[in-house]
Amino acid sequence: MFGNSLGNLHLMSNARTRSICAENPTGEPGKGAMADPMGAGAGSKLGKGWKIRPCIQVKPGETAVLADYSGSGIIRHIWMTADDRMSRAGVLRFYWDGETKPSVEVPFADFFAMGHGKRYDVNSLPVVVNPNGGMNCYWPMPFRKGFKITFTNDYFEEVRGFFFQITFDETEVEADAAYFHAQWRRSMTTRKYPEHVLVDGIKGKGQYVGTYMAWMQYSDCWWGEGEVKFYMDGDGEYPTICGTGTEDYFGGAWNFGGDYKTTFGRNYSTPFLGFPYSETGEGKVPKHSMYRWHVMDPIRFESDLKVTMQALGWWPGGKYQPLTEDIASVAYWYQTEPHTEFPVFPELDERWPR
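Written out as structure tokens, the structure reads:
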């Protein structure tokens, strides 16, 4: 149900394609490109029907409603771009079927696997980022009564050009279709507790479909010996699924091709797995970005889920060393509603950078 592919593009459907952007804020048929040219704008000499309102402005502290639609269907594609100062100063929130608490609550750039306030290419199946910050999302997002998407500017300056396009099908949704969720968290691990919690307290039936991590390294040498753990369906002290190492979980091996005595490794970006960005060098705090999309191997749970990642390196002599690291993550999953309310979203200074 969830996706088009080359194998079925020739099949007809009763779904109707709609798209919401600044030029058509409601997505209604025949309502695009209706903005009136005013003042000295770039399209003022062209007249109505031309490129008059391609973007919006969002003032400091303002929440802009990007889309507010009533009906049933599936979001198929989201494209967005904005000044890179919005990387974590802007917040995306998605609401399904009239809910008052968001099912998606993630800093703007992190939602598209762009961390550290940097821009880099991501060439994966559900998330694609192209030069220079063209952010695309292909996660299918079904809704039955409607959806609302908002963008909040927590920066101290106005966003003068926020561009977006949200394309969806108006169609009936199958009874067994689950709702898309995404949650952002950031933590500083410690030697006493060298573990980052990606998500906790998920209640309901669903499937975990993706992980993005922005890892800031405060230790020398190799940092990726920690294991990912999935606690599900009543697990206590020990998880049902346990990985073998950080780079292993993200589809790499042997320190991403680097020497364990250094922080260097080879970057890559593939349909489901990636290590698309790293920043190392003298005088720099090493930074790494990684994603794993469980598209072909979703982690299915019946009643509850918790996901963690350890931060481990090496002591001299071949012993694992607990690390103090700055780790931010986005967890992506589908589940039945209602969902457990998310933790209080961090203030801007707790989301650094920007």
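Residue numbers are given in our numbering: position 16 of the sequence shown equals residue 16, and the series is strictly consecutive.
Just so it is clear, CB atoms sit at the ideal spot from N, CA and C, and this is done for glycine as well.
query	result
May I ask you to verify whether the stretch 307 to 318 touches the stretch 196 to 210, counting CB pairs closer than 8 Å and requiring at least 3?	yes
Tell me whether Gly73 is buried or exposed, calling it buried when 16 or more other Cβ atoms sit within 10 Å of its Cβ.	buried
Give the single residue among Asp235, Tyr218, Lys31, Leu6 whose Cα lies nearest to the Cα of Gly283.	Tyr218
Relative to the C-alpha of Val104, which candidate in Pro131, Trp184, Arg144 has its C-alpha closest?	Trp184
Are the CB atoms of Gly274 and Glu247 within a distance shorter than 8 Å?	no
Check whether the stretch 248 to 259 touches the stretch 90 to 103, taking contact to mean three or more Cβ pairs, one atom from each stretch, closer than 8 Å.	no
Going along the chain, which residues of its own chain have a beta-carbon closer than 7 Å to the beta-carbon of Gln335, five neighbours each way excluded?	Ala178, Tyr179, His181, Ile202, Gly204, Lys205, Gly206
Can you give me the Cβ contacts of Gly257 inside the same chain, cut-off strictly under 7 Å, excluding the 5 residues immediately before and after it?	Gly265, Arg266
Alpha carbon to alpha carbon, how far is Leu66 from His339?	23 Å
What residues match up with Asp169 in a beta bridge as DSSP calls it?	Thr17, Ile74
Measuring alpha carbon to alpha carbon, tell me which residue in Gly226, Pro107, Ile166, Ala42 is nearest Met141.	Ile166
Please check the pair Leu125 and Trp293, which I expect to be a contact at CB under 8 Å, by giving their CB distance rounded to whole angstroms.	6 Å
Please state whether DSSP places Leu9 in a helix, a strand or coil.	coil
If you draw a straight line from the alpha carbon of Ala33 to that of Trp314, how long is it in whole angstroms?	59 Å
Could you give the uninterrupted runs of the beta strand (DSSP E) lying entirely in the stretch 277 to 351, keeping only those of 3 residues or more?	287 to 293, 299 to 301, 304 to 310, 312 to 315, 319 to 322, 326 to 335
Opposite Ser269 in the DSSP bridges: which residues?	Gly274
For Gly98, which of helix, strand or coil comes out of DSSP?	coil
Tell me the rounded alpha-carbon separation between Ser187 and Glu195.	9 Å
Ser87 lies in the alpha helix (DSSP H); which residues open and close that run?	86 to 89
Rounded to the nearest angstrom, what separates Gly41 and Ile52 at their Cα positions?	8 Å
What is the C-beta distance between Phe168 and Pro54, in whole angstroms, given that I count them as a contact (C-beta under 8 Å)?	Their Cβ separation, rounded to whole angstroms, is 20 Å, which puts Phe168 and Pro54 out of contact at 8 Å.
Give the DSSP-derived three-state secondary structure of Asp154 in the structure shown.	coil
Which value, in whole angstroms, describes the spacing of the CA atoms of Thr171 and Gly27?	14 Å
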